[in-house]
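Protein chains in written order, with our numbering: chain E, 38 to 458; chain B, 38 to 458. Here's the structure, in C-alpha cells; my notes come after.
Number of protein chains: 2
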Amino acid sequence: MTLDDVYISLGKAQTRLALETRLARDRALKGAAEALDGGREKILAANGRDVEKARAGGMKESLIDRLFLNGKRIDDMIAGIETVIRLEDPLGRIKAGWTLPNGLLVEQVTVPLGVAAIIYESRPNVTVDAASLAYKAGCSILLRGSSSALESNRALTGLFRAGLEAGGGIRNAAALADSGSRDEVDEILRARGRIDVVLPRGGRELIRRVVENAKVPVIETGEGNCHIYVEGGFDPDRAVEIIANAKLQKPGACNAAETLLVRRDALAALMPKLAARLAGKAELRCDGPSRRAIGIPPAGLTVNDAAPEDWETEFLDYILAVKTVDSADEAIDHINTYGTRHSEAILTHDMKAAEEFRRRVDAACVYVNASTRFTDGGEFGFGAELGISTQKFHARGPMGLEALTTIKYLISGQGQIREPG
Amino acid sequence: MTLDDVYISLGKAQTRLALETRLARDRALKGAAEALDGGREKILAANGRDVEKARAGGMKESLIDRLFLNGKRIDDMIAGIETVIRLEDPLGRIKAGWTLPNGLLVEQVTVPLGVAAIIYESRPNVTVDAASLAYKAGCSILLRGSSSALESNRALTGLFRAGLEAGGGIRNAAALADSGSRDEVDEILRARGRIDVVLPRGGRELIRRVVENAKVPVIETGEGNCHIYVEGGFDPDRAVEIIANAKLQKPGACNAAETLLVRRDALAALMPKLAARLAGKAELRCDGPSRRAIGIPPAGLTVNDAAPEDWETEFLDYILAVKTVDSADEAIDHINTYGTRHSEAILTHDMKAAEEFRRRVDAACVYVNASTRFTDGGEFGFGAELGISTQKFHARGPMGLEALTTIKYLISGQGQIREPG
C-alpha cells in the first residue's frame, strides 16, 4: 500500500469510528488489550530482532533501553489501554448551547478532530498509547515510529488492529507507516487535507524538523526551559525541597527546572542549604552573588560560573543554573526572555509578587508555591497524556483527549429563514 | 521600519496590552472611534485618491464599490467599534478549575493568543473591524490590506492608532504593513515565532495562497459549497421559502446554498413551486428527475442540465444546482463528498433522518429545518465576527473573540512537591 492508500483507508475508518458509541469504542480497546496479552511471545520475538540489530549497529545502551521490551513493559502497555477505557468520553459533550431570538437552538458539540498522525522515536509503548488514545477520541491514526523499532511496531500494530476487530471495532483506524525511509516523514508532513493533525513526540531535533516542514497542523510539544524564582521570606527549607524536586526527580523531563532565580534578599538563607541538599547530586552554575552566598561549597558539590548560554539551555541533566535578581520584575523579564513558555514557578508569600508573576509570565503553566513537575496530564487528572503543548494554538499545556477533538454546531429550527438586514 | 522592527514593536505592545483591564481596552477603543469620527475628511480624501487610481487603472466598478468609502460607511465602521466595546471580555475567564488530591488548585484561564496578522482584500472597513476585535482580545495586529486600498488604510490606521493613544491605550498594538509588495505577504507568512495566527480574509485564491505558504498558524475561512436536502413530507411551501432564503438573500455569502438535494418522494410537490418562486431570480441546473418534475418552466425561469462540475462549484451567484437522491444516506454521502464542511441543512419531519444527518454530516454547522444563512457570528450572538472557520483546528464555524484567545493554567500551592512514582 502506498501512503495515499493508507490515508484513504484511515479516512474511511475514521468516518465510521466517529459514529461508534463510547461502549463500542471501549469494547474494541478491550479487544486490543487482550490481543496484546495473547501476543506477548510475538511481541518479544520482534523486539528481540530490533534490539539485536540496534546492538549490532552500535546503538548506545541508554537508547537500547528505550527500545527494549519485557513482560513488565508489556503489562504497562496493557494497563495503559485499560486506563484509556476508563477515561470519560471526550465526544458528544455539549460545550455550550443557547436559543436565538427567533427560536433556533444552537448547540456546540464535541466531535473527533479526524485523522491524526504521530511521529515518534524509539519507545514502542508510544505505538500502543497513541493508538488507544486516538481510538477513544474517535480519530484514526497513522503511526510513524523510528526505523529502529520497526519490527516491534509491526508486531504491536498488527495485534492492536486484530484486537480492535475481535472486539467488534474498526481495525483500519490504526495504521503503521513502515517503509522506514526518511522521505516518508516528509510525505506525511505534506498530507494536507488527508491528515488533520501531526503530533511529533521525541527530542528537540525531531520536533523542530516537524514544525518547520509541516503543511498540516502540528502540535508542538516538549521543550521546557523552566524556572523557579524564590523570594526572601519564603521558608528556605521548603524552597530547597521544591527546587530539589523540580531538578532531581526526573531531570530528563520537560517540566524539570533548569534555572533558579533568587531574589537578592533570599540568597543568604537559601544558597547554603541548597548547596548542602544538592551536593553529590547536581552541578550548580552560579552567577557571582549566588556563588558567594554558598561560601565554601560542601564536599561533593560542583559549582561553576554560569555562562550566558546557560540561561537559554534546557540541560535535561543534573545541572542547575542560578541567577540573582533584584525584583520579581527582573525575574519575570528573564523568564519571558529565556523561557520556552512551558512551566514557571514563583515561591513567595508576597501576594502582589505572586499576582504579577501569574499575570505577566507567558507560559502554559504558572505555579505559585509548588514544583514545576506537576505539569503532566496524569498529575492534572487527565488520565492519559498526548504530550505537553508548548504552542498557544488549538491546545496548550498538558493535552488529554480533548486535544484530539473539535466542535460542530448543531442548529435545530422549525423552518426559520434569515430576515433581511 | 522593516517588518522585523514591526514584529518587535507589535510583540512589545501585546505584552503590555495583555495586562490592560477591560475598562482600559474599552476606553482606548472609544478613543479610536472618536478619532475616526474626527478624521472623516482625511479618510475621504485618502479614499478618493485610492478610488481615482483604481479607476485610472481600469478596475471594475463592482470592485471599486468595495473600495469606496462615504459618510455612511464611516458611520458603520464607528458603530462597529461601539459594538466591540459592548462585547463581553474574552480574557480572564476561568474556563475550568479543580483541586488535585494533594491540594493544588488548577485553574484554566483565557489569555490573548498574542500577535495576529490579517491579510485581506480591498474593503477598508476590515482594517477597523479587525483592529478593534484584536485590541479587545488583547492581541496586537498586523494589518495587510490590498495595495489598491493603501491610502485609505494608511489614513484609517493612523487615526485608529492615534485614537487608541488618546484613549489611554497602546498605539503600537495595531500596525499597517504598507510596502504594497507581494513579497510582504510571503514574509508575513514565514514569520514563525513572531506572529501567532494569520487570518486570511478574501476570495478563494487569497485563502489558498495563504494556507499553502504559511509557516505560521492560519485559520482558513470562507469557502462554502453548502447544501439543502429536502425530504418528502416537509411542507413544500415552507421548503421553498427556506431554499429561496438560502439562495437569493445574499448569493455571494459563503453560507448561501449552492446545491439542492431532493429526495425522490419530494420532487412532485416541491419542484413546480420552487420553479415558480425562483423564476426571474435564479437559474436552476437540474438532473433529469428534478427537471422533469418542473414540467414546463414558468416564464422567466432558466433551467439547464446539471453538469458533474456543478456539484463541486461554489457559484456565489444566482444559480442553484438540483440533484435527486433516493435516501438521506445518499444525500449525506453527496454532502460529505462535495461539501466544504461549512453549513449543511436537512428539511424533514423524520426524526431518524434528522438524527443521521446531524451525526454523519461533517461540517461546522449542521441545520435541521432552517436556512443555512444563519452561519454568522452576528446571528449566533457573538456580536462581531472574525470570519467563519472551515478548518477543524483551533476554531471551527463562526469565530467570535474567543478565536483570538488561548488558555493558561494557573496552579496555586502551599509548597507541594511531586511524589515519586
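Glycine included, C-beta positions come from ideal geometry on N, C-alpha and C.
Can a CB atom of chain B be found closer than 7 angstroms to the CB of residue i?
i       : result
R455(E) : yes
G450(E) : yes
V253(E) : no
R275(E) : yes
E202(E) : no
H431(E) : yes
Y44(E)  : no
I446(E) : As written in the sequence, residue 446(E) is Tyr, which differs from the Ile given in the question. Yes, its Cβ sits closer than 7 angstroms to a Cβ of chain B.
Let me know if residue i comes out buried or exposed under the rule of 16 or more other beta-carbons within 10 Å of its beta-carbon.
i       : result
S185(E) : buried
H386(B) : exposed
R467(B) : For residue 467(B) there is no data in the structure shown, the boundaries of chain B being 38 and 458.
A116(B) : exposed
S218(B) : exposed
A167(E) : buried
P161(E) : buried
D399(B) : buried
D63(B)  : buried
T443(B) : buried
E188(E) : buried
I333(E) : exposed
G151(B) : buried
P435(E) : buried
K97(E)  : exposed
P254(B) : buried
What's the C-alpha gap between residue i and residue j?
i       : j       : result
D342(B) : E320(B) : 11 angstroms
K67(B)  : A174(B) : 15 angstroms
D87(B)  : L100(B) : 12 angstroms
E456(E) : A61(E)  : 43 angstroms
D126(E) : L56(E)  : 13 angstroms
P149(E) : C176(E) : 6 angstroms
S327(E) : V299(E) : 8 angstroms
R130(B) : L384(E) : 25 angstroms
R53(B)  : G205(B) : 12 angstroms
R191(B) : H379(B) : 34 angstroms
I279(E) : I356(E) : 15 angstroms
L338(B) : G317(B) : 5 angstroms
F105(B) : S46(B)  : 31 angstroms
R208(B) : T374(B) : 47 angstroms
L311(B) : T350(B) : 21 angstroms
E295(E) : I265(B) : 57 angstroms
Tell me residue i's beta-bridge partners as DSSP assigns them.
i       : result
V43(B)  : V43(B) is not bridged to any residue.
C323(B) : D342(B) and V359(B)
E144(B) : G134(B) and L447(B)
S177(B) : V152(B)
R300(E) : V362(E)
Any beta carbon from chain E within less than 7 angstroms of residue i's own beta carbon?
i       : result
T409(B) : no
N209(B) : no
G376(B) : no
D233(B) : yes
V222(B) : no
N282(B) : yes
Y404(B) : yes
For the beta strand (DSSP E) holding residue i, just list the boundary residues, first then last.
i       : result
K90(B)  : From DSSP, K90(B) is part of no beta strand (DSSP E) but of the alpha helix (DSSP H) over R77 to A93.
V255(E) : That residue, V255(E), is in no beta strand (DSSP E); it is neither H nor E in DSSP.
V398(B) : Note, V398(B): premise wrong, no beta strand (DSSP E); not H, not E.
I462(B) : As shown, chain B starts at 38 and ends at 458. That puts residue 462(B) outside it, with no answer to give.
S99(B)  : Element bounds for S99(B): not the beta strand (DSSP E) but the alpha helix (DSSP H), E98 to L104.
L384(B) : S380 to L384
For the alpha helix (DSSP H) containing residue i, list its first residue and its last residue.
i       : result
A444(E) : It is worth fixing the name first, because residue 444(E) is Ile in this sequence and not Ala. Element bounds for I444(E): not the alpha helix (DSSP H) but the beta strand (DSSP E), T442 to Q453.
E260(B) : Counting along the chain, E260(B) falls outside any alpha helix (DSSP H), and DSSP gives it neither H nor E.
G32(B)  : No statement about residue 32(B) is possible, as the shown extent of chain B runs from 38 to 458 and does not include it.
I232(E) : Run containing I232(E): none; DSSP gives neither H nor E here.
L285(E) : P273 to L285
T120(B) : G108 to R123
R219(B) : R219 to L226
F417(B) : G414 to F417
I want to verify the contact list: residues of chain A whose CB lies under 7 angstroms from the CB of residue i, in sequence order.
i       : result
R396(B) : Structure shown: chain A not included; protein chains present are E and B.
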